[in-house]
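Read the structure below first, then the notes.
2 protein chains.
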Amino acid sequence: MSNADTITDTLRHDILKGRFAPGGRLLEVSLAEQYSVGRAAIRSALVELTSEGLVEREANRGATVRRISIREAIQITEARSVLESLIAAQAARHATAADHADLQQIIADMEAATNDAQGHAYSELNAVLHRRLREMSGHEVASQLVANLRDRAAHHQYRLALMPGRPSESLGEHRAIVQAVVARDEDAAAQAMHDHLSSVIEVLSRWGDAQG
Amino acid sequence: MSNADTITDTLRHDILKGRFAPGGRLLEVSLAEQYSVGRAAIRSALVELTSEGLVEREANRGATVRRISIREAIQITEARSVLESLIAAQAARHATAADHADLQQIIADMEAATNDAQGHAYSELNAVLHRRLREMSGHEVASQLVANLRDRAAHHQYRLALMPGRPSESLGEHRAIVQAVVARDEDAAAQAMHDHLSSVIEVLSRWGDAQG
DNA sequence: GTCCCCCCGAATGTCGACAATCTTGTTGAC
DNA sequence: GTCAACAAGATTGTCGACATTCGGGGGGAC
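Residue numbers (numbering that gives the first Met the number 0), protein chains in the order written: chain E, 0 to 211; chain X, 0 to 211.
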């Protein structure tokens, strides 16, 4: 297992980074060769990633990178919406002064990335901000669920950040979240997070309608 | 895998039914013998149940049934609270007339179980009611998360249903949920579900305080 | 030309044996 | 008597070979 869970992390990382495209086949022997490990370690990793929703396995037919439909991406974001609202409220309750400074620094970096039209950098900061809020919340159960949900929809999330005008819209929503957390206003933090993810859901919905 | 995922279901079921106590060791060779399968199938099942949060594995030391502290049970219920509120709202939106009749029948059965002081039967009906609501919601993502969260806290949940007076208190809350769903009132359904789980959290909190 | 059957190749699924690792009990020095 | 190093046992981790299963392609009947 010492090897196997390292492989799980590596494979998860590579899937999220797009090294294996959605729908792409994940052959055990091929992966074992690429990562220089035995088939057992790969099998173990595939089982784990399957129950995380990142991989799909069919009996005797092999594993593929799971495709996430727009409809499922919306459901994932709806689930995130209620869980991250809970997290935002808890973060507002537990954040220290140092945490407040952290959050405000991230917002400042986001503003810079927005002005320079750096979609990739903004997407990265987005992930960092949400992760820091999870850490501050002290709510391990919700945090783990949200981390997994974000992974599952990572592909769509990334495409979103590249839409022209989207970062600047998103920035305002994130600013509102941080503002509420700094003010230690739990209800406002939950509401701001809810508003933010409702906006994401709306963009996904328009996207889905446009594609039929 | 044809065998392995069957074993996963069987082992999950046996853990939830209390055949293996929390903290109890899960030896691969022993389990392989008990279920008449190879070690590979058991290993695969343990990996999957670990990422479901039911099993804990330590490298080179083996697997045990995961212990859920009161604190974690409360967090699990908090997460359930927001997710099941979402589900209740969606169920209110999508339920058909036949679904309404189903729900009301379950409530009637619950009343009977309460009058006869059958804690086990009530606990079972409780699970059935929540499962039917998930099915009606059409929200697969939230449903799957909630099903897993319920499994993780099943032990505490079951002890709750055996507390004297608890079923009758719980019954009223469930009646309110069904009433709102039948009325197709999404907000009321979400609110009723939230109230119900807040009540569960409160009982768990008192329990935790009493135990130190 | 089309349909059906059979065979073959490519993967996964399974099993057994061995290696690595951790825990525990023992032995010896001081 | 206490502590540390060591050895033994138990358990997981890893590897290779073989069995099983599924899909596709080829060949023959009509």
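Each residue gets a CB set at the ideal place from its N, CA and C atoms; glycine is no exception.
E/Leu132, DSSP secondary structure in three states:
The residue labelled residue 132 of chain E in the question sits at position 133 within the first sequence. Helix at E/Leu132.
Using the Cα positions of E/Ser142 and X/Val145, report the straight-line distance between them to the nearest angstrom.
Stepping through the first sequence from its first residue, residue 142 of chain E is reached at position 143. Stepping through the second sequence from its first residue, residue 145 of chain X is reached at position 146. The straight-line gap from Cα to Cα measures roughly 15 Å.
For X/Arg149, which of helix, strand or coil comes out of DSSP?
What you label residue 149 of chain X is simply residue 150 of the second sequence in a count that begins at 1. Correct three-state label for X/Arg149: helix.
Answer yes or no: does any C-beta atom of chain X fall closer than 8 Å to that of E/Val140?
Taking the first residue of the first sequence as 1, we reach residue 140 of chain E at position 141. With 8 Å as the cut-off, E/Val140 counts as an interface residue toward chain X.
Please report the Cβ distance between X/Ala179 and X/Ala91, rounded to the nearest whole angstrom; I am assuming they are in contact, meaning their Cβ atoms lie under 8 Å.
Translated into positions along the second sequence, residue 179 of chain X becomes position 180. Translated into positions along the second sequence, residue 91 of chain X becomes position 92. That pair is a contact at about 6 Å.
How is the beta strand (DSSP E) around E/Thr63 delimited, first residue to last?
The residue given as residue 63 of chain E occupies position 64 in the first sequence. Per DSSP, E/Thr63 belongs to the beta strand (DSSP E) from 61-64.
Coil, strand or helix - X/Leu10 by DSSP:
Taking the first residue of the second sequence as 1, we reach residue 10 of chain X at position 11. X/Leu10: helix per DSSP, three-state reduction.
Nearest to E/Ile106 by CA position, among E/Glu185, E/Ser169, E/Ala88, E/His93, is which residue?
For the purposes of this step, residue 106 of chain E is taken as the residue at position 107 of the first sequence. Residue E/Ser169 is the option with its Cα nearest to E/Ile106.
Please look up how many angstroms separate the CB atoms of X/Ile86 and X/Arg133, rounded, as I've assumed it's under 8 Å.
The residue given as residue 86 of chain X occupies position 87 in the second sequence. The residue given as residue 133 of chain X occupies position 134 in the second sequence. That belief holds up - the Cβ atoms of X/Ile86 and X/Arg133 are roughly 6 Å apart, short of 8 Å.
Would you mind working out which of E/His99, E/Ser122, E/Ala78, E/Ala152 sits nearest X/Ser136, comparing C-alpha positions?
In the second sequence, the residue the question calls residue 136 of chain X occupies position 137. Of the candidates E/His99, E/Ser122, E/Ala78, E/Ala152, the one whose C-alpha sits nearest the C-alpha of X/Ser136 is E/Ala78.
Neighbourhood of E/Ala218 by C-beta distance below 6 Å, restricted to the same chain and skipping five residues each side:
Residue 218 of chain E is absent from the model: chain E starts at 0 and stops at 211.
Pull out every residue of the region 181-207 of chain X whose Cβ sits closer than 9 Å to any Cβ of chain E, in chain order.
none
Per-residue contacts from X/Gln74 into chain E (C-beta, under 8 Å):
Here residue 74 of chain X is taken as the residue at index 75 of the second sequence, counted from 1. His138, Glu139, Val140, Ala141, listed in chain order.
Tell me, please, whether the CB atom of E/Ala78 is closer than 8 Å to any CB atom in chain X?
Reading the first sequence from its first residue, position 79 is the one you call residue 78 of chain E. Yes, its Cβ sits closer than 8 Å to a Cβ of chain X.
For X/Glu51, three-class secondary structure by DSSP:
As a position in the second sequence, residue 51 of chain X is number 52, starting the count at 1. X/Glu51 falls in the coil class under three-state DSSP.
Taking only beta-carbon atoms, is X/Val54 less than 8 Å away from chain E?
The residue given as residue 54 of chain X occupies position 55 in the second sequence. Not an interface residue.
Assigned exposure category for E/Leu161 - 16 Cβ within 10 Å defines buried
Your numbering for residue 161 of chain E matches position 162 in the first sequence. E/Leu161 is exposed by the Cβ-count criterion.
Using a Cβ-Cβ distance under 8 Å, would E/Glu27 count as near chain X?
Along the first sequence, read from residue 1 onward, the residue named residue 27 of chain E stands at position 28. Not one chain X Cβ lies under 8 Å of E/Glu27.
Anything in chain X within Cβ reach of E/Val64, meaning under 9 Å, just list it in chain order.
For the purposes of this step, residue 64 of chain E is taken as residue 65 along the first sequence, with counting starting at 1. Result: empty, since nearest Cβ-Cβ is about 18 Å, beyond 9 Å.
Measuring straight from C-alpha to C-alpha, what distance separates X/Ala188 and X/Ala182?
For this step, residue 188 of chain X is matched to residue 189 along the second sequence. For this step, residue 182 of chain X is matched to residue 183 along the second sequence. In a straight line, the C-alpha of X/Ala188 is about 9 Å away from that of X/Ala182.
Given that a residue counts as buried once 16 or more other Cβ atoms are within 10 Å of its Cβ, and exposed if not, what is X/Asp115?
Mapped onto the second sequence, residue 115 of chain X falls at position 116. That one is exposed.
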